[in-house]
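>
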Amino acid sequence: MNNPTNTPPASAAPSIPAAPQAPAALAADGLGKRYRRDWALRDCTFAVPAGRICGVVGANGAGKSTLLGIAARLLTPTEGELRVFGEPSTTDDLRGRIAYVAQDKPLYPGFTVAETLRLGQELNPAWDQDFAQQIIDQGELRPKAKIGSLSGGQRTRVTLALALGKRPDLLLLDEPMADLDPLARHQLMGTLMAEAAERGTTIVLSSHLLPELDGVIDHLLLVQSGRVRLCGDLEDLLDGHQLLTGPAGTALPTGVLVEQRSTGRRVDVLVRTGEPLDGPWEGGRPSLEELLLGYLRAPLTAPVTAGATAGPAAQAQTTENGIAA
Amino acid sequence: MTTDVLTERAAAAPAAPAAPEPPTRRRRGRLLWLTWRQSRITLWAIAGLLVLASATLLWLHFSLQQMVDDLDRAGCHDSDSWSTINCWSLIDPIDRRSVVYTQWLQPAAAAVPLLLGMFVGAPLLAQEYERGTVRLAWTQSVSPLRWLGARIALPGLVALAAAGVLAVLMTWVWWVDIAHGPVAFDPPFQSFTYPVLGVVPVAWSLFALALGLLVGQLLRRTVAAILVTGVLVAAAHGLVRWTRPFFYPTVKEVVPLNGWQPHNAWLVDRGPVLADGRWVSTDSCRGHWERCASTTHSWIEYHPADHFVPIQLVETGLLVALTAAALALVFHRARRDGHALRATRRA
Amino acid sequence: MIEYRIERRSGVSTYQQIVQQTKQALRLGLLQPGDKLPTAREVVELTAINPNTVLKAYRELEREGLVEPRPGLGTFVRRSLARPEAAADGPLRADLVGWVDRAREAGLEREDISALMASVLEQRFDTGVSPATPS
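Chains as they are written, first to last, in the working numbering: chain F, -6 to 318; chain W, 862 to 1208; chain B, 749 to 883.
1. Would V1003 (chain W) count as contacting chain D if we go by Cβ distances under 8 angstroms?
2. Pick helix, strand or coil for I196 (chain F), following the three-state DSSP scheme.
3. Under 8 angstroms, CB to CB, which of the residues in the segment 891 to 913 of chain W have a partner in chain F?
4. Would P984 (chain W) and A1126 (chain W) be called neighbours here (beta carbons separated by less than 8 angstroms)?
5. Taking C-beta pairs closer than 7 angstroms, name the residues in chain F that R811 (chain B) reaches, listed in chain order.
6. DSSP state of D1137 (chain W), grouped into three classes?
7. Determine the extent of the beta strand (DSSP E) in which I952 (chain W) is found, giving its start and end residues.
8. Just mark W1150 (chain W) as buried or exposed, buried being the case when its beta carbon has 16 or more other beta carbons within 10 Å.
9. Return yes when the Cβ of G51 (chain F) is within less than 8 angstroms of the Cβ of V216 (chain F), no when it is not.
10. Quick one: which residues of the segment 50 to 82 of chain F get their C-beta closer than 7 angstroms to a C-beta of chain W? List them in chain order.
11. Distance check for P1062 (chain W) and W894 (chain W), CA to CA, integer angstroms please.
12. Using a Cβ cut-off of 7 angstroms, pull out every chain F residue sitting near L794 (chain B), in sequence order please.
13. Which runs of the beta strand (DSSP E) spanning at least 3 residues fall entirely within the segment 1108 to 1176 of chain W, listed in chain order?
14. L163 (chain F) to L24 (chain F), Cα distance in whole Å?
15. So that I know if they touch, is there some Cβ in chain W lying closer than 8 angstroms to that of A95 (chain F)?
16. Alpha carbon to alpha carbon, what distance is there between R1196 (chain W) and R178 (chain F)?
17. How should L34 (chain F) be labelled, buried or exposed, when 16 other C-beta atoms within 10 angstroms of its C-beta is the threshold for buried?
18. For a quick check, are the C-beta atoms of L1240 (chain W) and G1077 (chain W) less than 8 angstroms apart?
19. Under 8 angstroms between the Cβ atoms of R290 (chain F) and E252 (chain F)?
20. For F78 (chain F), count neighbouring C-beta atoms within 10 Å of its own C-beta (all shown protein chains included) and say buried if the count is 16 or more, exposed if not.
21. Less than 8 angstroms between the beta carbons of L153 (chain F) and I128 (chain F), yes or no?
22. Less than 8 angstroms between the C-beta atoms of Q235 (chain F) and T256 (chain F), yes or no?
23. Which residues bound the beta strand (DSSP E) around S255 (chain F)?
24. Within the continuous alpha helix (DSSP H) that includes R811 (chain B), where are the two ends?
25. In three-state terms, what does DSSP make of D226 (chain F)?
26. How close, in whole Å, do the beta carbons of L1075 (chain W) and V1181 (chain W) come, if the pair is a contact with beta carbons under 8 angstroms?
27. At 4 residues or longer, what runs of the alpha helix (DSSP H) sit wholly inside the segment 814 to 858 of chain B?
28. Check whether the Cβ atoms of A805 (chain B) and Y763 (chain B) sit closer than 8 angstroms, and answer yes or no.
29. Between the segment 129 to 136 of chain F and the segment 77 to 94 of chain F, do three or more beta carbon pairs fall short of 8 angstroms?
30. Under 6 angstroms Cβ to Cβ from S144 (chain F), same chain only, skipping five residues before and after it: list those, please.
31. Tell me G48 (chain F)'s beta-bridge partners as DSSP assigns them.
32. Any idea what DSSP makes of T238 (chain F), helix, strand or coil?
33. Mind checking the segment 1008 to 1025 of chain W against chain F and listing, in chain order, the residues whose C-beta falls within less than 9 angstroms of any C-beta there?
34. Using the Cα positions of V995 (chain W) and E989 (chain W), report the straight-line distance between them to the nearest angstrom.
35. Return the residues of the segment 198 to 229 of chain F that lie within a Cβ-Cβ distance of less than 7 angstroms from chain B, sorted by chain order.
36. Under 8 angstroms, Cβ to Cβ, is there at least one residue of chain B near M170 (chain F)?
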């Protein structure tokens, strides 16, 4: 566990877990994916640094699965480019470095648990049988049990064992925890976090269970209607927003409003600025859930990256829903 | 500022992608385990049926040989002698054994390509897509095309080998015991005879398997793929049977009225030769009987027995080309990704 | 070794919770100078929280001079926050035990006592009253 190395302190700052010059685990540039006539993903430009645990959040059908599918190389983008660890996502060498857990957790129903692990062993050169077995044992699964006879949560455990046994550098998880009971969810999340702590694995997980992500992710990618709405370091994003309450009709500076809700004579607003506002506003930094709900309820505007101030496009959009009047 | 854990992470982050061991040969063997595990039931079923069919054919051959020997010893070899009770009692069981071949084994063997297409080819990929396991396979460390190759090759080659062994045995028994037997009359171009002899059954098996794979990949529903493959293979068979006479130039000649084509030849068409020497179709006589009344000769168009091999070769070539096209499409579609996820995207 | 208990819905960030729980353990003497803190891996395996959060909390503790990393060995406690006066056998604690017993005899519930305590703490600390001049 303790591995004495003379790592220079600069590269060990917690906010940058990998070496600073290391290429991003995922870097999208103008990424788009069209199915027949519908665009599932459009104009996506973002980066997820290596070593992060990134939450991909969005409503159902927002494009989360498409995004992960492209990263998992199951889909080719219609336009733009996705680079994984600095290499085009189509590079063959990446195959062994990426593990992917699909939303429906496909497994061969006729295989036993042990045979499913054998599949992982046969098809992955870096396979870690002990680690995969440990995850299976933690769930008290019989090796001879047929996959078809397992519950949804047990299948999820086997799928995660298969993905983690590959010892990937990038782990893509599409709604991984949805059908797990609270104990198994806690155990498996702990296993994932331990893997990230020990090996610096980048984990990108999508979820629409917002509480599941709180305390787990340190990077956020909010996808809405096929576009990236927010992307950046989670703390920076939270610091850059305020959830405020004030009397209805109070003026707001242009370009900061994300979402507002009137409750009688009061109005609750989520604003995109860390600076204190003039006026009788009360409140402060939102929680992750408050931030996400605010964005998910609000109509789509220009993308926001951490630390960026609102651009002209965003201003034009917000005047439409401005509460100044 | 370095803590223990930071050192752990910093050291781990730029880690090498993977252990650099596996030589290609070893990995191919590894895929073989998976495809064996997935198709072992099919392979056992094929092996079982092949053993059953081979045993039946061998039994048929040796029992017929025995009976023919008995017939010869009893001096009943000539068909002239068959009217005697003694000879008839020896002929009758030979006849019944021959009927087992022509009435039961031939239709069953003729259905083999159809069954292989429906129950080996069609479910193979349809099931992978239907259950989404294709995404499981494609996110391991082997390339999708390699996986596809291995996935298809093992059951495909075993099924073909089985079809080949069956074709050899069927042809051998037909040649030795039926075509050259004392009683059976079974021209090679007949509907259930032609498709079980020579290389054509293997070519049809190949084609039906490839078509089943393609249909399964396109439909992604196992039951639908089985049914559609069945219909398509049957339709293709009907189409080929209809066009088969044109696979090789026919022989045309004039014979006396009511004359026949040579022994074992395949009569494609015939009609009257008019008094002025013109060849017309039988249909054109309908309603104009006076025109055809004076004819003394017929024209016949046929394939003699020795056209059997060239026709089979043309048909085999055609089927192999279609198979290659279907397989190319399967691999092309696998390379051009996107279908895997799209199938379940809105589910 | 200290085991962190993370409350997801407490409203306090996980990073703050680790810092506070470590300091609490230092105050109560559960952690002594030279003790080793659990590695990030050990913490996150049990708590299922982000490893970077643990690192951030440890860095905060390091900045306050409470812990120090020893490369390759782990993170170790540098100094204690425990005060002899607050020790389990100290006179202040005995006084407080006596006072709590009296409050219970007077019929106060646990919540009443804790509210009273909080109120007095607020009054004595936040109004700038110095202990030398009781009002």
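Beta carbons are placed, not taken as given, at the ideal position from N, Cα and C, and that holds for glycine.
Values in this document were obtained by computation on a predicted structure and should not be read as measured data.
Based on what the coordinates show:
1. This model lacks chain D altogether; the protein chains it does include are F, W and B.
2. strand
3. R891, L892, W894, L895, R898, Q899
4. no
5. Within 7 angstroms Cβ-Cβ: nothing; R811 (chain B) doesn't reach chain F, min ~12 angstroms.
6. coil
7. First-last for I952 (chain W): 946 to 960, but that is the alpha helix (DSSP H), not the beta strand (DSSP E).
8. exposed
9. yes
10. S58, G62, A65, L67, L68, T69
11. 29 angstroms
12. G183
13. 1112 to 1117, 1127 to 1134, 1158 to 1164
14. 19 angstroms
15. yes
16. 36 angstroms
17. buried
18. Outside the displayed span of chain W (862 to 1208) sits residue 1240 (chain W), for which this structure offers no information.
19. yes
20. buried
21. yes
22. no
23. 250 to 256
24. 799 to 811
25. strand
26. Not really, about 15 angstroms apart at Cβ, beyond 8 angstroms.
27. 839 to 853
28. yes
29. no
30. none
31. F:L198, F:L213
32. strand
33. W1008
34. 5 angstroms
35. P204, D207, G208, V209, I210, D211
36. no
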